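Numbering (this note's numbering), first residue to last: -3 to 273. Beneath this line is the structure, given in structure tokens, with notes to follow.
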């Protein structure tokens, strides 16, 4: 009967992914079937942890995230959890031998969001590593059965995660700064956010994107298209943000329309068929 429970738990993670991210959901659909549940499980896990620190303001968030982390490692050790999100995640961690240090780094970054409002250079790097780069590494471990390939693609996976997170920071400045009081970019004063500040951040993101793309081209065939779709979605969002003045970024959340996402999706599928990714 555990097979039925396992499937139900993975379906819960799949539902969470679809509810929270149309972009990642469309990309995951293009993976070979064997990769879909594991990636849904990773996304569901990190999404729930992020939800605790971002929205559960009327509750003891420190206690909730600590409990979430404790339950996670208990489930990894015992191979079972009554929390469906954690249960599906622990299965993936154990099956693919995901390094527990990646999980600890992720949870550390989540905890940082509860008590750190302004980040210096080291805090910025630590936060991005734990909140985004390690997620790319978890997914890469699922994608690569060959440890040599995993190690060779590790820097590019980190770059992709970093690029995604930095774009999220730019996109969400209004919510992070005005509503939560967070300043992720070190040395930037959002009371006087200049075009040069924005350009400096964009230069950093472009370097991450360029490095990441070289890694995407070397991913196993059954995963390459899905990761590429996420990449081009974020690249399109990055372009829109680049064209938007700094003062406007502070006032509204920039997004890519669903129609544009679908056109990018169709184009990516065609590129894959023509073997030009």
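Glycine included, every Cβ here is placed at the ideal spot set by N, Cα and C. Remember, predicted model here, so these are calculated numbers, not experimental data.
- Message: Just verifying my parser: in three-state terms, what is the DSSP assignment at residue 74?
- Response: For the purposes of this step, residue 74 is taken as the residue at position 78 of the chain shown. In this structure, residue 74 counts as helix in the three-state DSSP scheme.
_Spatially closest choice to residue 244 from 205, 92, 191 and 213, by CA coordinates_ = On the chain shown, position 248 is the one that residue 244 refers to. It is 191.
Spatial distance of residue 154 from residue 148 (CA atoms):
Taking the chain shown and counting its residues from 1, one reaches residue 154 at position 158. Taking the chain shown and counting its residues from 1, one reaches residue 148 at position 152. Computed Cα separation, rounded: 12 Å.
query: Of the choices 156, 195 and 105, whose alpha-carbon is the least far from that of residue 118?
result: In the chain shown, the residue the question calls residue 118 occupies position 122. Here the closest residue by C-alpha is 105.
May I ask which residues mark the beginning and end of the alpha helix (DSSP H) holding residue 195?
Within the chain shown, residue 195 is the residue found at index 199, counting from 1. Where residue 195 is concerned, the enclosing alpha helix (DSSP H) stretches over 191 to 212.
query: Can you tell me the Cα-Cα spacing of residue 114 and residue 209, whole angstroms?
result: Here residue 114 refers to the residue found at position 118 when the chain shown is read from its first residue. Here residue 209 refers to the residue found at position 213 when the chain shown is read from its first residue. Rounded to the nearest angstrom, the two C-alpha atoms are 31 Å apart.
* Within 10 angstroms of the Cβ of residue 34, are there 16 or more other Cβ atoms? Answer buried if so, exposed if not. => As a working note, residue 34 is residue 38 in the chain shown. That one is buried.
Item to complete: Quickly, what does DSSP pair residue 179 with across the bridge? List them, please.
Response: In the chain shown, residue 179 corresponds to position 183, counting from 1. Beta-bridge pairing links residue 179 to 114.
Quiz item: For residue 152 versus residue 207, is the C-beta distance shorter than 9 Å?
Solution: Position 156 of the chain shown, counted from the start, is the residue given in the question as residue 152. Position 211 of the chain shown, counted from the start, is the residue given in the question as residue 207. Contact flag set, yes.
Practice item. May I have the straight-line CA-CA distance separating residue 1 from residue 158, to the nearest angstrom? Key: On the chain shown, residue 1 is found 5 positions in, with the first residue counted as 1. On the chain shown, residue 158 is found 162 positions in, with the first residue counted as 1. When rounded, the distance between both Cα atoms is 34 Å.
Apply the 10 Å Cβ neighbour rule to residue 172 and answer buried if 16 or more other Cβ atoms are within range, or exposed otherwise.
On the chain shown, residue 172 is found 176 positions in, with the first residue counted as 1. Result: buried.
| Which of helix, strand or coil does DSSP assign to residue 80? | Here residue 80 refers to the residue found at position 84 of the chain shown. Looking at residue 80 - three-state DSSP - the assignment turns out to be helix.
**Message:** If you reduce the DSSP assignment to three classes, tell me which class residue 218 lands in.
**Reply:** Position 222 of the chain shown holds residue 218. Helix at residue 218.
Worksheet item: The alpha helix (DSSP H) spanning residue 265 covers which residue range?
Response: The residue you call residue 265 lines up with position 269 of the chain shown. 254 to 269 is the span of the alpha helix (DSSP H), which, as asked, contains residue 265.
* **6 Å Cβ shell around residue 84 - same chain, five flanking residues per side excluded** => Here the question's residue 84 lines up with position 88 in the chain shown. Result list for residue 84: 5, 6, 9 and 37, in chain order.
**Report entry** Inside the segment 13 to 75 only - beta strand (DSSP E) runs reaching at least 3 residues
**Finding:** none
Helix, strand or coil at residue 88 according to DSSP, with G and I counted as helix: Along the chain shown, read from residue 1 onward, the residue named residue 88 stands at position 92. In this structure, DSSP gives residue 88 a helical state, which the three-state scheme calls helix.
Check whether residue 20 and residue 39 have beta carbons under 9 Å apart: Taking the first residue of the chain shown as 1, we reach residue 20 at position 24. Taking the first residue of the chain shown as 1, we reach residue 39 at position 43. Contact flag set, yes.
### Message
Under 8 Å: does the beta carbon of residue 245 sit that close to some heavy atom of the ligand FMN?
### Response
With respect to small molecules bound, the structure shown includes none, and the ligand FMN cannot be examined in it.
query: Ordered along the chain, which non-local residues of its own chain (more than five positions away) have a Cβ less than 6 Å from that of residue 103?
result: Here residue 103 corresponds to residue number 107 of the chain shown, with the count starting at 1. So the list reads 65, once near-sequence residues are dropped.
Nearest to residue 186 by CA position, among 246, 110, 267 and 98, is which residue? Counting from 1 along the chain shown, the entry for residue 186 is found at position 190. Nearest neighbour of residue 186 by Cα position, chosen from 246, 110, 267 and 98, turns out to be 246.
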